[in-house]
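Data first, discussion second: the structure below is written as structure tokens.
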Amino acid sequence: MDDKINGVFAAQQQNKFLLRTTDAEVRIAKLNLLKQAIKNFEEEIFAALQSDLRKCRFESAVTEVLFIYSEIDHAIKKLKGWMRPRGVSRTISNLFSGNKIYYEPKGVCLIIAPWNYPFQLLMSPLVSAIAAGNCAMLKPSELSPAVAGICSKLIAQTFDPKEIACFEGDTSIATALLKLPFDHIFFTGSTAVGKVVMEAAAKHLSSVTLELGGKSPVIIDHSADVKDAARKIAWGKLVNAGQTCIAPDYVLIAEELEKEFVTSFKASVEQLFFNQGELNLTEYAKIINQKHFDRLKGLLHLALQAGARLEWGGQTTAENLTIHPTILTAVEAENPIMAEEIFGPILPVITYKNLQEAIDFINKRDKPLALYVFSNSAENQNKIIRETSAGGSCINDVLIHISNPNLPFGGVGSSGMGSCHGIYGFKSFSHEKAVVFQSRLGLTKLIYPPYHQKMGLL
Ligand code: NAD
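For the sequence shown, the residue numbers in the UniProt record's numbering are 1 to 458.
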């Protein structure tokens with residue numbers, strides 16, 4: 001496999017010079033080609049998502065396939081504008097010159113994807129890489145093998161490997177790829193592996209975009225509409241069975257609202273994910289594999305051992321890798337469930353007496369990928385946004401900031417660096433090159449030596 005990887009890399013390194021000169025029409029044609037290929041493979045993609053994650057068709061359509069169509073459509077609509085060199089204002093030192101920023105393709109890029117939204121998270125950076133005029137080598141996750149197989153087939157049938165190629169496989173393939181001097185690496189996955197990727201990138205000074213994870217908190221303050229918050233959190237926490245990078249990880253709630261929240265959360269989950277009193281397995285995803293199922297079961301066990309109270313849920317079914325929606329209260333800050341990203345359908349609820357306590361709780365921990373606020377107090381909304389750090393936030397909702405391509409999507413600190421979607425994805429895969437067009441009237445000569453004759457200019 002190493003020979004194949006090295007061969008494709010060498011071919012892409014050659015080809016990148018040709019791609020560098022492509023105009024918007026050529027790139028738009030490629031984006032259309034990708035969209036058509038996805039349409040041709042749509043049924044197989046839905047079947048693969050069902051097989052890997054038991055994702056129902058509607059959820060797969062909204063969170064994976066349609067998401068990519070809209071990403072492609074947005075790029076097609078905006079590409080000419082994104083690519084246009086952007087003039088900036090002059091300064092005294094280059095008074096008569098033209099000053100522009102050019103968007104230059106990075107070159108040959110590596111895209112490594114995780115398993116939780118295995119189609120979307122492989123294709124979305126690819127859309128940006130194509131829009132920005134790059135070659136790309138893709139590495140889907142081995143933990144979602146059906147989707148990896150379809151993506152690999154789709155790419156092989158649609159693109160010349162000297163432009164875009166897909167390599168299925170486990171860590172050993174990722175490790176072989178990471179040995180190469182890529183012009184950019186776009187990695188989506190865990191914070192721990194993000195560090196491995198950044199270390200490998202440092203050897204070649206490859207630039208990186210790291211889309212990582214973490215514990216995304218929700219603050220519910222005394223002024224919030226608790227029923228509305230509970231319903232939105234129920235959806236955000238349980239879509240894809242909690243295996244979402246920006247899923248609400250835990251809730252910090254004003255003490256007096258805890259009971260109402262627990263009752264409303266249960267009622268909302270029953271309304272959204274149950275059918276005639278039973279968890280609706282046709283619309284509720286499974287845990288990706290036995291290892292993660294055991295990890296979540298173990299985490300729940302540890303949380304209860306450490307004194308958390310099981311308010312609802314907790315049932316686990318090994319045969320179909322299902323973990324029921326679960327809500328815990330009496331969770332102390334030191335509880336093991338607060339030590340790692342849960343990435344499953346277990347929701348710890350922690351109470352606070354005053355808002356500052358909740359803010360301090362978040363600020364003592366790693367910077368999260370998302371932070372959600374439910375509050376009808378403008379003062380509190382602003383206080384939380386200004387006094388905390390997070391990749392992105394929603395006020396009175398969850399997850400939806402990811403759906404607007406006009407907003408940058410990415411983490412900060414241990415939840416990542418750089419951003420994706422829309423122009424932000426285009427920029428991640430481009431180098432912003434400063435170009436000065438000097439005029440005959442250029443004033444630079446004023447600062448040439450001999451300096452002693454020019455001291456009067458200062
Ligand atoms: P992971 O880090 O285990 O794996 C991601 C990819 O890296 C896979 O393709 C895997 O094969 C590869 N990989 C694993 N170990 C490697 C190593 N040692 N060297 C090189 N490559 C390696 O992550 P995962 O379990 O697939 O995904 C879950 C994590 O991803 C969660 O933390 C989640 O929050 C995060 N995530 C983040 C985003 C985001 O947009 N920020 C989106 C989805 C998931």
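Virtual Cβ for every residue (Gly too), placed ideally from N, Cα, C.
Cβ of residue i within 8 Å of Cβ of residue j?
{"i": "LEU110", "j": "GLY213", "result": "no"}
{"i": "LEU19", "j": "ASN134", "result": "yes"}
{"i": "LYS35", "j": "TYR69", "result": "yes"}
{"i": "PRO248", "j": "GLY236", "result": "yes"}
{"i": "PRO118", "j": "ASP52", "result": "yes"}
{"i": "ILE155", "j": "CYS166", "result": "yes"}
{"i": "PRO345", "j": "GLY242", "result": "yes"}
{"i": "LEU355", "j": "LYS383", "result": "yes"}
{"i": "ALA131", "j": "LEU210", "result": "no"}
{"i": "PHE9", "j": "MET198", "result": "no"}
{"i": "SER190", "j": "SER428", "result": "no"}
{"i": "ILE253", "j": "VAL108", "result": "no"}
{"i": "THR329", "j": "ILE362", "result": "no"}
{"i": "VAL208", "j": "LEU238", "result": "no"}
{"i": "ASN116", "j": "CYS245", "result": "yes"}
{"i": "SER223", "j": "SER377", "result": "yes"}
{"i": "PHE273", "j": "TYR284", "result": "yes"}
{"i": "PRO336", "j": "LEU302", "result": "yes"}
{"i": "THR175", "j": "GLU255", "result": "no"}
{"i": "ILE219", "j": "ALA201", "result": "no"}
Is any heavy atom of the ligand NAD found at a distance shorter than 7 Å from the C-beta of residue i?
{"i": "GLY416", "result": "yes"}
{"i": "TYR117", "result": "yes"}
{"i": "THR209", "result": "no"}
{"i": "ASP170", "result": "yes"}
{"i": "PRO114", "result": "yes"}
{"i": "PHE293", "result": "no"}
{"i": "VAL196", "result": "yes"}
{"i": "ALA174", "result": "yes"}
{"i": "VAL193", "result": "yes"}
{"i": "THR63", "result": "no"}
{"i": "LYS139", "result": "yes"}
{"i": "CYS135", "result": "no"}
{"i": "GLU142", "result": "yes"}
{"i": "LEU126", "result": "no"}
{"i": "SER190", "result": "yes"}
{"i": "LEU407", "result": "no"}
{"i": "PHE17", "result": "no"}
{"i": "CYS245", "result": "yes"}
{"i": "LEU212", "result": "yes"}
{"i": "PHE343", "result": "yes"}
{"i": "GLY236", "result": "no"}
{"i": "LEU178", "result": "yes"}
{"i": "LEU81", "result": "Checking the sequence shown, residue 81 turns out to be Gly, not Leu. No; taking the cut-off as 7 Å, the Cβ of GLY81 has no heavy atom of the ligand NAD nearer than that."}
{"i": "LEU121", "result": "yes"}
{"i": "LEU49", "result": "no"}
{"i": "LEU369", "result": "yes"}
Would you decide whether residue i is buried or exposed? Buried here means 16 or more other CB atoms lie within 10 Å of its CB.
{"i": "ARG84", "result": "exposed"}
{"i": "THR91", "result": "exposed"}
{"i": "SER206", "result": "buried"}
{"i": "ILE402", "result": "buried"}
{"i": "MET1", "result": "exposed"}
{"i": "GLN120", "result": "buried"}
{"i": "ASP360", "result": "exposed"}
{"i": "GLN157", "result": "exposed"}
{"i": "VAL398", "result": "buried"}
{"i": "GLU43", "result": "exposed"}
{"i": "GLU332", "result": "exposed"}
{"i": "LYS259", "result": "exposed"}
{"i": "GLY411", "result": "buried"}
{"i": "ASN320", "result": "exposed"}
{"i": "ASP23", "result": "exposed"}
{"i": "GLU379", "result": "exposed"}
{"i": "GLY277", "result": "exposed"}
{"i": "THR63", "result": "buried"}
{"i": "PHE437", "result": "exposed"}
{"i": "ASN275", "result": "exposed"}
{"i": "LYS445", "result": "exposed"}
{"i": "THR322", "result": "buried"}
Assuming residue i contacts residue j under a Cβ cut-off of 8 Å, what Cβ separation, rounded to an integer in Å, is found between them?
{"i": "ILE327", "j": "VAL262", "result": "6 Å"}
{"i": "LYS100", "j": "ARG86", "result": "6 Å"}
{"i": "PRO161", "j": "ALA11", "result": "7 Å"}
{"i": "ILE45", "j": "VAL65", "result": "6 Å"}
{"i": "PHE96", "j": "GLY442", "result": "6 Å"}
At a threshold of 7 Å, does residue i count as lining the ligand MG (C-beta to nearest heavy atom)?
{"i": "GLY422", "result": "Among the ligands present in this structure, namely the ligand NAD, the ligand MG is not found."}
What runs of the alpha helix (DSSP H), each 4 residues or longer, lie entirely inside the segment 356-396? 378-387
Kindly provide the ranges of any alpha helix (DSSP H) runs that are 4 or more residues long and lie completely inside the segment 234-319, ordered along the chain. 258-273, 290-305
At what residue ranges does the segment 117-183 contain a whole run of the alpha helix (DSSP H), taking only runs of 4 or more? 120-131, 145-158, 171-178
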